[in-house]
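Comments concern the structure below.
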Amino acid sequence: MFVPIFQAVESGIIYAIMALGVYLSFRVLDFPDLTVDGSFVTGAGVAAIAIVNDVPTVIATLLAVVAGFIAGSITGILNTKGKINPLLSGILMMTALYSINLRIMGQPNLALLNEDTIFTQIRSFWSALGIDDVLNGMLTSMGLENTPGTWGVLFVMIIVTGLIKLLTDFYLKTEVGLALRATGDNEKMIRSFSANTDTLKIMGLGLSNALVALSGALYAQYGGFADVGMGIGMIVIGLASVIIGEALIGTKSIMRVTLAVIGGAIVYRIVVTIALRQADFLDTGDMKLITSVLVILALVIPKLISGQKEAKRKRRKRAELQNRLNGEAS
Amino acid sequence: MLDIQEISLTFNEGTPDEKKALQGINLTLNKGDFVTVIGSNGAGKSTLMNVISGSLIPDVGDVFINQNNLTMIPEFKRSKFIGRVFQDPMAGSAPSMTIEENLAMAYARNKKRTLRPGVNKKRRELFQSYLSTLHLGLEDRLTAKVGLLSGGERQALSLLMATFTEPNILLLDEHTAALDPSRAELITKITDEMVEKFHLTTLMVTHNMQQALDLGNRLIMMDKGQIILDVAGEEKAALTVEKLLQEFQRIRGTQMDNDRAILG
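Listed in order, the protein sequences are those of chains D and H. Heads up: the first sequence at position 155 corresponds to 155 in UniProt numbering, and the numbers run straight through without jumps. Heads up: the second sequence at position 118 corresponds to 118 in UniProt numbering, and the numbers run straight through without jumps.
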């Protein structure tokens, strides 16, 4: 059980970058951006085709980021300049991206199994350090039979995702970042303080989808393939991460929320892994259903709980009043 | 300072709902003028505000600020010169952001927004000194979210945000109308102080005739998209609510049909 959970954490941290992107659009800009389903694949596809054509892995990943930024910006332009409803702008872009992604990859599925990826490079560098032997030795002495192949991916991804989190925190507190947040919070107001909300939205959606594409590029290299269907339901996974994280860790400050989003992404992967392994009747194809159910539960349960609390409070008040009236009567 | 020439604007032209909101408005405000605007519902007061701020583009006519023709300049660019407070206390600030962050956004109004932190130590001290002039204790709550403030506190903050960067023109759109009488009085007092302190050229729409008489050095009355009365200086100082109503009846030949323009 340890190794699957370990892998869930690894992929959770990669997905966390996508979730941070969803947080930027969904929460900061208050823009339910469905481009994500397409731009995740765009990131994966651009990185994969570049790597297959012997572009250095880091550059291939950066190209994916640029492609994601462009995709997000176009959604922003559709919404602000074309005056198309936010949801529809995202759906249009997501649908268009399906064809574009096929064109980018040239085929529905690209394998990277025999290619050098960022992660194979990390593995070979990391194994020379000898840290794996120490950590796995400790696990074996604790009685675990199966140990992870490498800790390198986890460590590097913690650093990468952590850096992105810190950059996001910093950005959202700059003058431009404040205006971006205000655009999602009170658009009329920030326009009366000389901010161009159209530009801010376009840029914000660009940044959001750049992160999503980065996540896609890393996930393709982690999994060893890019597939044109790998982005289906990605927005719901991102939302699940944001909502679960916020419910578990809280929303007190920006720094707290971004941490919550990362935590939510990891928790989500762990929950899905456990569900698929423990419940025999569930199939990998059921994952999207599990995700949707998770999001629904995360949305509904807090409301039910606060509703219960409120009803209880009212019952108590009513009982108090009744007692007082009875006291006066006697 | 502010110069409005021959502004006309018609909504839904050629339909049964056609409404001539503004008909050939001419208005010039000199630097330091504090003009109060009264008129019944639908007189065109808010439309005039929106034309000046740029949220509406007139059919014909021009808006000048400091001799620059701004008629076709989009709202967000114009707001470099214009500070604005809305009627809704919720409209002038961002609820999920803190007091200092809101002030930092207002601080950037006439500057280029950069990738430097919006709030730093120096600015925080500046914000605190401005907030303390409101006497609401907000200077001790810099990191409180604005959504937690009461309507009166939020409107006071909006007013500060609109004024402390000393805009060329301050537009107040019935900014005390949604508050209870004591809060409205407080905001009126702060308005007077701010306009005085920063020597702001101000245009204030109000439904409260007494307020229109108490504040400012000039008063204009609008009806059906036209300016029907424009008094300033001692002539304005001598006006009373009764005289205003009589004046309206004399000019228009009818009673002022407005239950909201109360005598108080």
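In this text, a Cβ means the ideal position worked out from N, Cα and C, and glycines have one as well.
1. Which complete alpha helix (DSSP H) runs does the segment 240 to 316 of chain D hold, if anything under 4 residues is left out?
2. Taking the straight line between their C-alpha atoms, what separation do you get for D33/H and R316/D?
3. Using a Cβ cut-off of 8 Å (strictly closer), state whether L97/D contacts chain H.
4. Should P56/D be labelled buried (16 or more other beta-carbon atoms within 10 Å of its own) or exposed?
5. Which of the three DSSP states, helix, strand or coil, is assigned to L263/H?
6. Determine the burial state of G106/D: buried for a count of at least 16 other Cβ atoms within 10 Å of its Cβ, exposed for fewer.
7. Name the chain D residues that come within less than 7 Å of E75/H, Cβ to Cβ?
8. Please list, in chain order, the chain H residues whose beta carbon lies closer than 9 Å to that of E175/D.
9. In chain order, what residues of the same chain have a beta carbon less than 6 Å from the beta carbon of residue 286/H, not counting five sequence neighbours either side?
10. Hey, could you find the ends of the alpha helix (DSSP H) K122/H is sitting in?
11. With 9 Å as the limit, tell me which residues of the segment 22 to 53 of chain D have their beta carbon closer than that to any beta carbon of chain H; keep them in chain order.
12. Less than 8 Å between CB atoms is the rule here; does D84/H satisfy it with respect to chain D?
13. With distances taken Cα to Cα, identify the nearest neighbour of residue 271/H among P58/H, M204/H, L126/H.
14. For L218/D and G45/D, I'd like the C-alpha separation in whole angstroms.
15. Candidates N146/D, S127/D, I51/D, I290/D: which alpha carbon is nearest L113/D's?
16. N136/D lies in the alpha helix (DSSP H); which residues open and close that run?
17. What residues from chain H crowd round T197/D, counting only those whose CB sits closer than 9 Å?
18. Are Q128/H and L148/H closer than 8 Å when you measure CB to CB?
19. With a CB to CB cut of under 7 Å and the five nearest residues on each side skipped, what residues in its chain are close to I131/D?
20. Can the beta-carbon of N209/D be found less than 8 Å from the beta-carbon of G72/D?
21. Is L325/D helix, strand or coil by DSSP?
22. Do three or more CB pairs link the segment 81 to 96 of chain H to the segment 180 to 190 of chain D at distances below 8 Å?
23. Given this structure, state the Cα-to-Cα distance separating Q5/H from N101/D, to the nearest angstrom.
24. Which residues in chain D sit within 8 Å of M97/H, going by Cβ to Cβ distance?
25. Apart from the five residues just before and just after P108/D, which ones in its own chain have a Cβ nearer than 6 Å to its Cβ?
26. Which residues in chain D sit within 7 Å of K80/H, going by Cβ to Cβ distance?
27. Quick check: the Cα distance between V66/D and G38/D, rounded to an integer number of angstroms?
For this structure:
1. As far as the segment 240 to 316 of chain D is concerned, its whole alpha helix (DSSP H) runs of at least 4 residues are 254 to 278.
2. Roughly 59 Å separates the two Cα atoms.
3. So no, L97/D is outside the interface.
4. Within a 10 Å sphere around the beta-carbon of P56/D sit fewer than 16 other beta-carbons, which makes this residue exposed.
5. In this prediction, L263/H scores a pLDDT of 46, lower than 50, which makes its location untrustworthy; no coordinate-derived value is stated.
6. It counts as exposed.
7. Scanning chain D for C-beta atoms nearer than 7 Å to the C-beta of E75/H yields R191, reported in chain order.
8. Within 9 Å Cβ-Cβ: A104, M105, Y107, A108, K111, K112, R113, T114, L115, R116, P117, G118.
9. This structure leaves residue 286/H out entirely; chain H is present only between 1 and 264.
10. Where K122/H is concerned, the enclosing alpha helix (DSSP H) stretches over 121 to 132.
11. Listed by position along the chain: nothing, the set is empty.
12. It should be pointed out that residue 84/H corresponds to Arg in this sequence rather than to Asp. For R84/H, the nearest beta carbon of chain D is closer than 8 Å to its own beta carbon.
13. Residue 271/H cannot be examined here, being either before or after the span of chain H that is shown, 1 to 264.
14. In this model, L218/D and G45/D are separated by some 11 Å (Cα to Cα).
15. Answer by Cα proximity: I51/D.
16. 131 to 141 is the span of the alpha helix (DSSP H), which, as asked, contains N136/D.
17. Going along chain H in sequence order, the residues near T197/D (Cβ under 9 Å) are F76.
18. No; because the gap between Cβ atoms is not below 8 Å, this pair is not in contact.
19. Correct list, in chain order: W151.
20. Yes.
21. Collapsing the DSSP output to three states places L325/D in a helix.
22. Yes, they touch.
23. C-alpha of Q5/H to C-alpha of N101/D: approximately 55 Å in a straight line.
24. Within 8 Å Cβ-Cβ: L178, R181, A182, D185.
25. Sequence-distant partners of P108/D (beyond 5 residues in either direction) whose C-beta falls short of 6 Å from its own C-beta, in its chain, are V228.
26. Per Cβ cutoff of 7 Å: S194.
27. In a straight line, the C-alpha of V66/D is about 14 Å away from that of G38/D.
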